[in-house]
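With the numbering used here, the residue at position 69 of the sequence shown is 104, and numbering never jumps.
Just so you know, even glycine gets a beta-carbon here, dropped at the ideal spot from N, CA and C.
Since the structure comes first, as structure tokens, the remarks are kept for the end.
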Amino acid sequence: MPTAVLTDRERTAVQAYLRLLHTVRAAFGDDGRGPAGPVALPVVPPSVLAEAEAALEGAGLAGNEEEFFRMVRDWQPAG
Numbered sequence: 036m037p038t039a040v041l042t043d044r045e046r047t048a049v050q051a052y053l054r055l056l057h058t059v060r061a062a063f064g065d066d067g068r069g070p071a072g073p074v075a076l077p078v079v080p081p082s083v084l085a086e087a088e089a090a091l092e093g094a095g096l097a098g099n100e101e102e103f104f105r106m107v108r109d110w111q112p113a114g
């Protein structure tokens with residue numbers, strides 16, 4: 036399968052999505068159970084979410100397309 040080269044906007048969207056994903060994972064910890072007790076602050080800072088939304092929109096993506104997740108997997112291979 037040929038590897039497509041990402042446009043600048045697609046690359047920006049993928050990077051913003053990955054930052055958002057890492058922020059959420061860090062907030063909930065590695066086990067996914069979340070921090071003990073109630074959380075007083077939002078899990079994701081509004082600026083991180085806004086960056087991801089703007090980057091997705093700029094690339095013409097919604098963030099739930101199969102093609103988008105392929106780009107994410109290709110950008111950050113498992114390992």
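Just checking my contact of residue i with residue j at CB under 8 Å: how many whole Å lie between their CB atoms?
i: Ala61; j: Ala90; result: Not quite, the Cβ-Cβ distance comes to about 19 Å (not below 8 Å), so this is no contact.
Give a yes or no on whether the C-beta atoms belonging to residue i and residue j are separated by under 8 Å.
i: Arg54; j: Val83; result: yes
i: Ala51; j: Glu92; result: no
Helix, strand or coil for residue i? Go by DSSP, reduced to three states.
i: Val78; result: coil
i: Ala89; result: helix
i: Gln50; result: helix
i: Ala39; result: coil
Alpha carbon to alpha carbon, what distance is there between residue j and residue i?
i: Ala39; j: Pro80; result: 32 Å
i: Gly98; j: Thr42; result: 15 Å
Identify, in the order they occur along the chain, each residue of the same chain with its Cβ nearer than 8 Å to the Cβ of residue i, setting aside the five sequence neighbours on each side.
i: Gly95; result: Arg44
Note down, in chain order, each residue of its chain lying with its Cβ closer than 7 Å to the Cβ of residue i, except the 5 sequence neighbours on either side.
i: Gln111; result: Leu53
So, for residue i: in the same chain, excluding its five sequence neighbours on each side, which residues have a beta-carbon less than 6 Å away from its beta-carbon?
i: Phe103; result: Leu96
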